[in-house]
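A.B. asks: Just so you know, the sequence shown maps onto residues 7 to 352 in my numbering. Quick reminder that beta carbons are idealized off the backbone N, C-alpha and C, glycines included.
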Amino acid sequence: MRALQLTDPGVLELREVPVPEIGPDELLLRVGAAGICHSDLHVLHLPFTMRAEPLTLGHEVAGTIEAIGGEVGGRAVGERGIVYLCWSCGVCRECVSGNENVCRAAGRTAMPPCPGLGPDGGMAEYIRIPARSFVPIGEMDFLQAAPLADAALTSYHAIHGVRDQLRPGSTAVVIGVGGLGHVAVQILAAVSAARIIAVDVSEDKLDLAARCGAAEWLLSGADTAREILDRTDGRGAEAVFDFVGVDQTAKLAVESVAPNGAYRMVGLGGGAPELTAAPAGGPGWPWGASVRKSYGGTKSDLIDSVALAEAGKLRIEVEKYDLADGRDALDRLERGLVGGRAVLVP
Ligand code: NAD
Ligand code: ZN
Numbered sequence: 007m008r009a010l011q012l013t014d015p016g017v018l019e020l021r022e023v024p025v026p027e028i029g030p031d032e033l034l035l036r037v038g039a040a041g042i043c044h045s046d047l048h049v050l051h052l053p054f055t056m057r058a059e060p061l062t063l064g065h066e067v068a069g070t071i072e073a074i075g076g077e078v079g080g081r082a083v084g085e086r087g088i089v090y091l092c093w094s095c096g097v098c099r100e101c102v103s104g105n106e107n108v109c110r111a112a113g114r115t116a117m118p119p120c121p122g123l124g125p126d127g128g129m130a131e132y133i134r135i136p137a138r139s140f141v142p143i144g145e146m147d148f149l150q151a152a153p154l155a156d157a158a159l160t161s162y163h164a165i166h167g168v169r170d171q172l173r174p175g176s177t178a179v180v181i182g183v184g185g186l187g188h189v190a191v192q193i194l195a196a197v198s199a200a201r202i203i204a205v206d207v208s209e210d211k212l213d214l215a216a217r218c219g220a221a222e223w224l225l226s227g228a229d230t231a232r233e234i235l236d237r238t239d240g241r242g243a244e245a246v247f248d249f250v251g252v253d254q255t256a257k258l259a260v261e262s263v264a265p266n267g268a269y270r271m272v273g274l275g276g277g278a279p280e281l282t283a284a285p286a287g288g289p290g291w292p293w294g295a296s297v298r299k300s301y302g303g304t305k306s307d308l309i310d311s312v313a314l315a316e317a318g319k320l321r322i323e324v325e326k327y328d329l330a331d332g333r334d335a336l337d338r339l340e341r342g343l344v345g346g347r348a349v350l351v352p
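#1: Using a Cβ-based criterion (distance less than 7 Å to any ligand heavy atom), does Y301 qualify as near the ligand NAD?
#2: Using the Cα positions of S94 and L329, report the straight-line distance between them to the nearest angstrom.
#3: Tell me where the beta strand (DSSP E) around E244 begins and ends.
#4: Rounding to the nearest angstrom, what Cα-Cα distance links D229 and C98 in this structure?
#5: How many Å lie between L123 and G318 at the Cα?
#6: According to DSSP, is N266 part of a helix, a strand, or is it coil?
#7: Between D46 and the rest of its own chain, which residues show a CB-CB distance below 6 Å, the 5 nearest in sequence each way excluded?
#8: Can you tell me the Cα-Cα spacing of G267 and E244, whole angstroms?
#9: Determine contact between the segment 162 to 175 and the segment 232 to 242, defined as no fewer than three beta-carbon pairs at a distance below 8 Å.
#10: Could you tell me if L281 is buried or exposed, where buried requires 16 or more neighbouring beta carbons within 10 angstroms of its beta carbon?
#11: Look at the alpha carbon of V250 and the alpha carbon of L274, and state the distance between them as a whole number of angstroms.
#12: Could you give the distance in angstroms between the alpha-carbon of L12 and the alpha-carbon of A155?
#13: What does the Cβ neighbour count give for T115, buried or exposed, with the cut at 16 atoms within 10 Å?
#14: What's the C-alpha gap between P30 and D334?
#15: Below 7 Å, is the gap between the Cβ of V205 and the nearest heavy atom of the ligand NAD?
#16: Can you list, in chain order, every residue whose CB sits closer than 5 Å to a heavy atom of the ligand ZN?
#17: I need the straight-line Cα distance from S296 to A256, nearest angstrom please.
#18: Under 8 Å by Cβ, that's how I've got V263 and V246 pegged, so tell me the actual separation to the nearest angstrom.
#19: Would you list, in sequence order, the uninterrupted alpha helix (DSSP H) runs of no fewer than 4 residues that lie entirely inside the segment 264 to 337?
#20: Within this structure, are the beta carbons of I133 and G75 separated by less than 8 Å?
#21: Got a sec: does the ligand NAD put a non-hydrogen atom nearer than 7 Å to the Cβ of K326?
#22: Give every residue of the same chain whose Cβ lies closer than 6 Å to the Cβ of S198, excluding the five residues on either side of it in the sequence, and list them in chain order.
#23: Can you have a look at G342 and say buried or exposed, based on whether 16 or more other CB atoms are within 10 angstroms of its CB?
#24: What residues are listed by DSSP as bridge partners for G144?
#25: May I ask you to check if the CB of Q254 is nearer than 7 Å to at least one heavy atom of the ligand NAD?
#26: Within a Cβ cutoff of 8 Å, which residues of the same chain sit near G104, ignoring the five residues on either side of it in sequence?
#27: Candidates G87, M129, I181 and N107: which alpha carbon is nearest P119's?
#28: Runs of 3 residues minimum, wholly inside the segment 127 to 200: which ones carry the beta strand (DSSP E) assignment?
#29: When you compare only the Cα positions, how much space is there between E19 and L61?
#30: Taking contact to mean at least 3 C-beta pairs separated by less than 8 Å, is the segment 203 to 212 in contact with the segment 129 to 145?
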């Protein structure tokens, strides 16, 4: 089969490799579509590779069951689904409590094994997956379904934990309206009555935010925090979701979140928010606000995301590419030119 593999730091190659063999508790999926996440760019730019042999990228995967391991029950060849990306242990205290995204087996700051970031991913014709990571999608289009596996899952998880704060009359700020952010705007519109303010460095992305349900939008600049405060009676936003995570956006989040508000870090840009223990006053961190570094989501969040899409509440803006053009698609993503999500079709 063909697979898009990372062979050296920064080097992606379309290679012919054997179709994977599955174990007794695994499934073989014929890939229908695989989304490209900004995290794939982060991986491409690591100064080292994540393992010695070539690694097939792709953690946003939809496909059809081609073969079923001997110990797997309840699945059928030909069933269509997406892949839950936390390949957690399934038996630790966190997993059994439904917090598979922070599985104890992963240690303190690592993440559970994720396809395309350790085990081979889905930018290929076939992928081998643990049977319990399969989530059915019925007849949903693969191009729409694949981005649910991360863009929707991760956004949904960050938003779900903040729902108590998002009462009618509240404000939610979405920083970065890319693959994740444009889905986050739609999820916020679907599950809350909050007014949504979108922030991005590109006018095109702000147009997309408006089409996705944002009420207001701001081109990111030196005055963005001040503008958000002006629009919220000086209080700030009850929730700020940062889908960029660089110093500039971390500063914006700190300076625009409301007292008792929620700042959710999702973007992995390495930014460091300045949280001081100084007393009241000044532009910084308000009383009662909380910050959470949010990773992926739970399997339950993924099932909710699929249900939202099935109910017609999520419409992924897709740029479709052939698997062989994956490198070009990543380059476009890097230059900020992808509107919504770039999705590869093998
Ligand atoms: P993307 O490239 O599709 O979108 C990023 C968006 O941010 C673009 O619209 C871009 O114009 C905008 N942007 C860039 N700089 C900005 C700035 N200074 N201010 C405002 N907007 C700015 O990326 P994506 O695939 O949506 O991923 C977003 C981030 O989330 C990445 O860092 C990715 O690695 C990370 N991520 C984290 C998790 C997690 O579990 N925490 C999961 C998936 C992705
Ligand atoms: Zn991702």
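C.D. replies: Put simply:
#1: Under cutoff, so the answer is yes.
#2: 28 Å
#3: A243 to D248 is the extent of the beta strand (DSSP E) around E244.
#4: 46 Å
#5: Roughly 31 Å between the two C-alpha positions.
#6: strand
#7: L63
#8: When rounded, the distance between both Cα atoms is 4 Å.
#9: no
#10: exposed
#11: 7 Å
#12: 21 Å
#13: exposed
#14: 37 Å
#15: V205: yes, Cβ under 7 Å from the ligand NAD.
#16: C43, S45 and D156
#17: 13 Å
#18: 5 Å
#19: Listed in chain order, the complete alpha helix (DSSP H) runs (minimum 4 residues) inside the segment 264 to 337 are 305 to 316.
#20: no
#21: No - the ligand NAD has no heavy atom lying nearer than 7 Å to the Cβ of K326.
#22: Within the same chain, Cβ atoms closer than 6 Å to the Cβ of S198 are found at L172, the five residues on either side in sequence being excluded.
#23: exposed
#24: The partner list for G144 (beta bridge, DSSP) is empty, contrary to what the question assumes.
#25: yes
#26: T304, K305 and S306
#27: N107
#28: Listed in chain order, the complete beta strand (DSSP E) runs (minimum 3 residues) inside the segment 127 to 200 are 132 to 136, 140 to 142 and 177 to 181.
#29: 10 Å
#30: no
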